[in-house]
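Enquirer: My questions will all concern the structure given below.
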Amino acid sequence: MTDPSDLMISEASQGIEDGVFSPVQLVESCLNRINQVETHLKAWVQVLEEQAIERAEQATREIESRGKKGPLHGIPIGIKDIYYTKGIRTTACSKIRADFIPEYDSTAVAKLKKAGAIILGKTVTTEFAAGDPPVTVNPWNEAHTPGGSSSGSAVAVSSGMCPGAMGSQTGGSILRPASYNGIVGLKPTFGRVSVYGVIPVAWSLDTIGPLVRSVRDAAIILQATAGYDDNDPGSARIPVPNYLAKIGQLDKPPKIGLVKDFFMDNSSLNVRSNTEETLHKLSLAGAGVDIVSLPKSFTKSMAIQWVIMNVESAAYHEEEFRVRADDYSEQLRKRIELGFLTSATSYIQAQRFRRVFRRDLDALAGRWDVLITPSTPTSAPKDLSTTGDPMFQSPWTLAGLPAITIPSGIDSSSGMPLGIQLVASSFAEDRLLAVAHWCEDVLGVRLKPPM
């Protein structure tokens, strides 16, 4: 029998429902895997072993007496260590928050608990999701970066320590590590999932979402976490559709827009070849593929995003930075200092440009079912001083559009995973997930590191 820790959320949920194993046995399987590999991979800030077993026992009793609440009932989930967790240290992997214990759960964590999920522990992040690379190791090859900032979440899922984990993205911090580790990562539309109780990088950019092993699993977690929240000023009042109902329900093969400019031009030869091979397979399965031209506003998008990130990071950290600057890592310290040096005029101009850019990209994405690009310019770099370049995710994050990465193969030169990135128009996660599931099914790529 497959080790329960290696199952997708949907598979594990079915296993619980069929009585193949209990939530306790599933959690114990994950804990056994953690005991085997965590010393080397360093994906966790803390593992809540006793609490997770207690919650699993509770879930077992609930399921036996009243049936399952839904597909997350009894499923262990990792939580990036910038999400508030009531009574549990939330450090943001920083000296500044080393002893911080929140008095309440973030909205996302509260919703996951309500859905019956079990919080397995807190996963490693770069400092405040914006600092220097962490100690976390890529399970595919320790010489290559695991990506960031959701490093621990990606590695925990890829290596079988948990079937799903939560991350965050302000530039490319969900999709990039997901792609580098051969798994699925979903960044929803800005405002689709509440960020209340999540330590910010940049308020107007931050988005949270899952890192998982399948598109269906991404839909399961999005279903549980999406929705309006009074506590989050950026939260959208747009109704939440039934994402799972859309999976496998495409009436016909999708219309796909290939964004060749910038993305293919800045990709390595192996990434380009993999993307072209992927497109060929999708075309043979019936997908219509057109070449997409980017709007003129695209050329300024990266610079604009850095302005916004730097200023909003400086605003959040201002008070503590004035007295504890030396307790910040070099990379984050430079970002904050740049934010202080940026004029209010520059920030306002950046936000004004962003409105134009978001309008342009949303209109572009709306012309096709999805847009497609390589997930990253290269496979995970053989360089532990970096978490990789977010250039292929940042424009969509700036525009607030939903995006997902799915595995598409292996880099023949490095032996590391590759992925494709799919993007849809605002709040079209139902369409994005349906098309991504179709692509996933056509490609048939499911990767597991050779540990």
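According to the numbering used here, the sequence shown is numbered sequentially starting from 3.
Glycine residues also receive a C-beta, built at the ideal position from the N, C-alpha and C atoms.
Closest to V195 by CA distance: which of N183, T277, P212 is it?
Expert: It is P212 whose Cα lies nearest to the Cα of V195.
Enquirer: For T277 and M311, what's the separation of their Cα atoms in angstroms?
Expert: One C-alpha to the other measures close to 30 Å.
Enquirer: So which of F342, P409, W398, M418 has the shortest CA-CA distance to T191?
Expert: The shortest Cα separation from T191 among F342, P409, W398, M418 belongs to W398.
Enquirer: Classify V273 as buried or exposed, calling it buried when 16 or more other Cβ atoms lie within 10 Å of its own Cβ.
Expert: Buried: at least 16 other Cβ atoms inside 10 Å.
Enquirer: Quickly, what does DSSP pair A228 with across the bridge? List them, please.
Expert: In DSSP, A228 forms a bridge with V195.
Enquirer: Does the beta-carbon distance from V22 to I55 come in below 8 Å?
Expert: Contact: no.
Enquirer: Could you tell me the boundaries of the alpha helix (DSSP H) in which G17 lies?
Expert: Start and end: 11 to 19.
Enquirer: Since A54 is in the beta strand (DSSP E), which residue starts that stretch and which ends it?
Expert: No beta strand (DSSP E) holds A54; the alpha helix (DSSP H) holding it covers 51 to 68.
Enquirer: Excluding the five sequence neighbours on either side, which residues of its own chain have a C-beta within less than 7 Å of the C-beta of Q251, listed in chain order?
Expert: Excluding positions up to five away in sequence, the list reads A436.
Enquirer: CB-CB under 7 Å to T375, same chain, minus the five flanking residues each way: which ones, in chain order?
Expert: Excluding residues within five positions, the ones whose Cβ falls inside 7 Å are V261, F265, F394, Q423.
Enquirer: What is the C-beta distance between G17 and G80, in whole angstroms, given that I count them as a contact (C-beta under 8 Å)?
Expert: Not really, about 19 Å apart at Cβ, beyond 8 Å.
Enquirer: Within its chain, find whatever has a CB closer than 6 Å to the CB of S299; leave out the 5 residues flanking it on each side and keep chain order.
Expert: Closer than 6 Å at Cβ, skipping near neighbours: V358, F359, D362.
Enquirer: Taking Cβ to Cβ, would you say P165 is nearer than 8 Å to R215?
Expert: Closer than 8 Å, so yes.
Enquirer: Classify T147 as helix, strand or coil using the three-state DSSP reduction.
Expert: In this structure, T147 counts as coil in the three-state DSSP scheme.
Enquirer: Verify whether the separation of the beta carbon atoms of A167 and S181 is less than 8 Å.
Expert: No, the Cβ-Cβ distance between A167 and S181 is not below 8 Å.
Enquirer: Thinking C-beta only, is V39 closer than 8 Å to D83?
Expert: Contact: no.
Enquirer: For K336 and A131, what's the separation of their Cα atoms in angstroms?
Expert: Cα-Cα distance, rounded: 14 Å.
Enquirer: Quick one: what's Q423 bridged to in DSSP?
Expert: In DSSP, Q423 forms a bridge with T375, T407.
Enquirer: Does DSSP put K88 in a helix, in a strand, or in coil?
Expert: Of the three classes helix, strand and coil, the one that applies to K88 here is coil, per DSSP.
Enquirer: Check the DSSP bridge columns for V200 and list the partner residues they point to.
Expert: Partner(s): Y85.
Enquirer: Buried or exposed, going by whether 16 or more other CB atoms sit within 10 Å of the CB of S381?
Expert: The residue is buried, with at least 16 neighbouring Cβ atoms inside 10 Å.
Enquirer: Are L420 and I412 touching if we call contact CB-CB under 8 Å?
Expert: It is a contact, given that the beta carbons lie within the stated cut-off.
Enquirer: State the beta-bridge partners of M168 as determined by DSSP.
Expert: Per DSSP, I81, P212.
Enquirer: May I have the straight-line CA-CA distance separating I176 from V242, to the nearest angstrom?
Expert: Their Cα atoms are separated by approximately 21 Å.
Enquirer: In angstroms, rounded to a whole number, what distance separates the CA positions of K450 and V157?
Expert: Answer to the nearest angstrom: the Cα atoms are 11 Å apart.
Enquirer: Looking at the strands, I want to know which residues DSSP matches up with T380.
Expert: Paired residues: none, contrary to the question.
Enquirer: For K44 and K283, what's the separation of their Cα atoms in angstroms?
Expert: Their backbone Cα atoms lie some 37 Å apart in a straight line.
Enquirer: Using a Cβ-Cβ cut-off of 8 Å (strictly less than) and excluding sequence neighbours within five positions of V49, which residues of its own chain qualify?
Expert: Closer than 8 Å at Cβ, skipping near neighbours: L33, I36, E40, L122, G123.
Enquirer: Counting contacts by CB-CB distance shorter than 8 Å, is I293 in contact with chain C?
Expert: Any reference to chain C falls outside this structure, which holds one protein chain only.
Enquirer: For A405 versus D364, is the C-beta distance shorter than 8 Å?
Expert: For A405 and D364, no; Cβs fall outside 8 Å.
Enquirer: Let me check understanding here. Comparing Cα to Cα, which of S161, M163, D231, W205 lies closest to S170?
Expert: With distances taken between Cα atoms, S170 lies closest to W205.
Enquirer: Does the pairing of the segment 99 to 113 with the segment 132 to 150 give three or more beta-carbon distances under 8 Å?
Expert: Too few Cβ pairs lie closer than 8 Å, so no.
Enquirer: I need the straight-line Cα distance from G236 to M10, nearest angstrom please.
Expert: Cα to Cα, G236 sits roughly 31 Å from M10.
Enquirer: Count the CB pairs spanning the segment 338 to 350 and the segment 305 to 323 that are closer than 8 Å, and state whether there are at least three.
Expert: Short answer: they touch.
Enquirer: Going by DSSP in three states, G154 sits in which element: helix, strand or coil?
Expert: If DSSP states are grouped into helix, strand and coil, G154 belongs with the helices.
Enquirer: DSSP state of Q333, grouped into three classes?
Expert: In the structure shown, Q333 sits in a helix (DSSP, three-state: H, G or I).
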